[in-house]
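S.K.: Pasting in a structure now, in structure tokens, and then I'll have a few things to ask.
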Amino acid sequence: MLIRYISQIGRYFLMLKEIFNKQTKWPVMKNLIFKEIDDLIIDSLGIVCFISFFVGGVVAIQTALNLTNPLIPKYLIGFATRQSVILEFAPTFISVIMAGKMGSFITSSIGTMRVTEQIDALEVMGVNSVNYLVFPKIIALLLYPFVIGISMFLGIFGGWLAGVYGGFTTSAAFIDGAQMEFIPFHIVYAFIKTLIFAMLLATIPSFHGYYMKGGALEVGKASTVAFVWTSVSIILFNYILTQLLLGS
Amino acid sequence: MIEVKNLEKSFGDSKVLKGVSTVFETGKTNLIIGQSGSGKTVLLKSLLGIHTPDVGTIEFDGRVYSDLEPDEKRELRTEIGMVFQGSALFDSMTVAENVAFPLKMFTNDNKAKIQERVDFVLERVNLVDAHKKLPSEISGGMQKRVAIARAIVNNPKYLFCDEPNSGLDPNTSTLIDNLIKEITEEYNITTVINTHDMNSVMEIGENIVFLKKGLKAWQGTKEEIFRTDNEAIVKFVYSSNLFKKVREAYLKG
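Top to bottom, those sequences are chains G and B.
Letter by letter, the first sequence follows residues 1 to 248 of my numbering.
Letter by letter, the second sequence follows residues 1 to 253 of my numbering.
This is the structure we're talking about:
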């Protein structure tokens, strides 16, 4: 069992190396990158906006409901919402959600190509299929921090709307809290995490799709396994990066 | 010409190819036949470089595949056209884009020249009105023809076909067989076809290699297949009453 996991990890790193071998011609690659930006980034914006807005609202309401002591100032609602959204919710939990949304899309599309011999066709033609399939996804996901930036903004905006119009705080208090003790490095930390998660989101589901064996049923199973491993990796890296960047 | 020498390939404890040696000739339709599990697909995938043989060599016009550098192998692969059993067309591309794909990847031709070549090969496989259709919008027979067009668009030296007739009706099967034979002769390609279809054997079998349990059990032409008394091939080819009667009639003259 352990040997199997180690062998899989080794295979994953060999795949990463292969991604950068023998590049596909730029005119072809350019079109692939634009297609991946459309499929992975643009198509994810709707769900990211929706979730961020409402979860931001819920964070504000729950913070307000837990501030029962009258000595605790109301501006803490804005402060807590900003900290939760910027540090964890936007970079980490949106990435876990994207592991399901983007990850299953990537695994199933590459897995279907494997099942229907389209990857064999690429290889037989002399195309570096790993580069052709995975490299454009990595480049497209370099735009992922923009998605997370939008998520941060909408999360805080949702918190403000829910806090103010729900009668839990005033607009001025919320904004004061949101600006209080702001540490710019927290944004840097969030975007460093986001970039690492983007790499995981592009490569782990691709790995599970590329090396899958079997038929249509196995494509579904591979998507589930890819989601689990991408989520586990995101959570693990979240811990490691937090310890490295904020813990010392 | 492709020369296979003493090819062996195992998967775990199972030895699938046990020392196959044969020659696939240029300008001829070379057929690999045999029962399921006889090693046909493994032989074809070894020829394509998808499987690496444990023992033995494969020579493409004197170039030993295993001795080539990775770049030379990729270069050789650009000389290969392949028609997969399920056609393996790229779902997200139209018919014309599928056919143009090898040209976009491996040539520096401009758009107009690529378009001209795509039009030519699609016309060659009798598909003139399907340029903008997606693979899911055309029939199985048309998909096979698109796959053939894609395989020949870059003027390959070697054409491989894995069960090109599977899932097709008899008429379409004959059309595909004849098309492959015509293209082989027209462009002087070394064509290797992996098939179960006895009609194909009788129609286009210019050089037939019969595999049994990982070994070459017989090799000859479609004419020789009628006269042979090799028990293994007679039992395999003439398992249907129709073919038995055809053979009897042939032998009676």
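Even glycine gets a Cβ: it sits at the ideal position worked out from N, Cα and C.
Given the structure is predicted, the values throughout are model-derived calculations rather than measurements.
(1) Between residue 86(B) and the rest of its own chain, which residues show a CB-CB distance below 6 Å, the 5 nearest in sequence each way excluded?
(2) Please classify residue 68(G) as buried or exposed, where buried requires at least 16 other C-beta atoms within 10 Å of its C-beta.
(3) Classify residue 123(G): buried if its beta carbon has 16 or more other beta carbons within 10 angstroms, exposed otherwise.
(4) Across which residues does DSSP place residue 340(B) in a beta bridge pair?
(5) Examine the Cβ distances between the region 201-214 of chain G and the region 8-26 of chain G and report whether three or more of them are shorter than 8 Å.
(6) Give every residue of the same chain whose Cβ lies closer than 8 Å to the Cβ of residue 41(G), excluding the five residues on either side of it in the sequence, and list them in chain order.
(7) Under 6 Å Cβ to Cβ from residue 145(B), same chain only, skipping five residues before and after it: list those, please.
(8) Less than 8 Å separating the beta-carbons of residue 162(B) and residue 44(B)?
(9) Quick test of the definition: if touching needs 3 or more C-beta pairs under 8 Å, does the region 229-236 of chain B touch the region 64-83 of chain B?
(10) Would you report the Cα separation of residue 39(G) and residue 103(G), rounded to the nearest angstrom?
(11) Less than 8 Å between CB atoms is the rule here; does residue 78(B) satisfy it with respect to chain G?
(12) I'd like to know whether the C-beta of residue 25(G) is nearer than 8 Å to at least one C-beta of chain B.
(13) Less than 7 Å between C-beta atoms, sequence neighbours within five positions excluded: which residues of the same chain meet that for residue 246(G)?
(14) Under 7 Å Cβ to Cβ from residue 82(B), same chain only, skipping five residues before and after it: list those, please.
(15) Would you report the Cα separation of residue 33(G) and residue 55(B), rounded to the nearest angstrom?
(16) What does DSSP give as the partner residue(s) for residue 162(B) in the beta ladder?
(17) Using 8 Å as the cut-off, can you tell me whether the region 216-230 of chain G makes contact with the region 27-44 of chain B, which would need three or more C-beta pairs spanning the two stretches below that distance?
(18) Here's a check: name, in chain order, each residue in its chain whose Cβ is nearer than 6 Å to the Cβ of residue 78(B), leaving out the five neighbours to either side.
(19) Check whether the Cβ atoms of residue 178(B) and residue 28(B) sit closer than 8 Å, and answer yes or no.
(20) Out of 172(G), 222(G), 94(G), state which residue places its alpha-carbon closest to the alpha-carbon of residue 47(G).
(21) Put residue 181(G) into one of helix, strand or coil per three-state DSSP.
(22) Would you be able to state if there are at least three C-beta pairs under 8 Å between the region 76-96 of chain G and the region 171-189 of chain G?
(23) Provide the residue(s) that pair with residue 244(G) in DSSP beta bridges, ordered along the chain.
(24) Sorted by chain position, which residues of the same chain lie with C-beta nearer than 8 Å to residue 141(B)'s C-beta, five sequence neighbours on each side aside?
(25) What are the boundary residues of the beta strand (DSSP E) that includes residue 161(G)?
(26) Is the CB of residue 163(G) under 8 Å away from at least one CB in chain B?
(27) At a CB distance below 8 Å, what residues from the region 43-56 of chain B approach chain G? Give them in sequence order.
(28) Could you have a look at residue 218(G) and say whether DSSP puts it in helix, strand or coil?
(29) Keeping to the same chain, check which residues put their C-beta closer than 8 Å to that of residue 138(B); ignore five residues upstream and five downstream.
(30) Anything in chain B within Cβ reach of residue 216(G), meaning under 7 Å, just list it in chain order.
(31) My assumption, with CB atoms under 8 Å, is that residue 125(G) sits in contact with residue 102(B). Please give the rounded CB distance.
(32) Relative to the C-alpha of residue 222(B), which candidate in 247(B), 215(B), 239(B), 104(B) has its C-alpha closest?
M.R.: Taking the structure as given:
(1) none
(2) Exposed, because fewer than 16 other Cβ atoms sit within 10 Å of the Cβ of residue 68(G).
(3) buried
(4) Since the first and last residues shown for chain B are 1 and 253, residue 340(B) lies out of range.
(5) yes
(6) 140, 141, 143, 144, 146, 147
(7) The answer, listed in chain order, is 125, 127.
(8) yes
(9) Contact between the region 229-236 of chain B and the region 64-83 of chain B is absent, because fewer than three Cβ pairs lie under 8 Å.
(10) 12 Å
(11) Output row for residue 78(B): interface = yes.
(12) yes
(13) 189
(14) 48, 151, 160
(15) 41 Å
(16) 194(B)
(17) no
(18) 106
(19) no
(20) 94(G)
(21) coil
(22) yes
(23) Answer is none; residue 244(G) lacks a bridge partner.
(24) 168, 169, 172, 175, 176
(25) Premise fails: residue 161(G) lies in the alpha helix (DSSP H), 144-165, not in any beta strand (DSSP E).
(26) Any Cβ of chain B closer than 8 Å to the Cβ of residue 163(G) would place that residue at the interface, and such an atom is absent.
(27) 48, 49, 50
(28) Here residue 218(G) sits in helix by DSSP.
(29) 95, 130, 146
(30) Result: empty, since nearest Cβ-Cβ is about 13 Å, beyond 7 Å.
(31) About 6 Å separates the two Cβ atoms, so the contact holds.
(32) 247(B)
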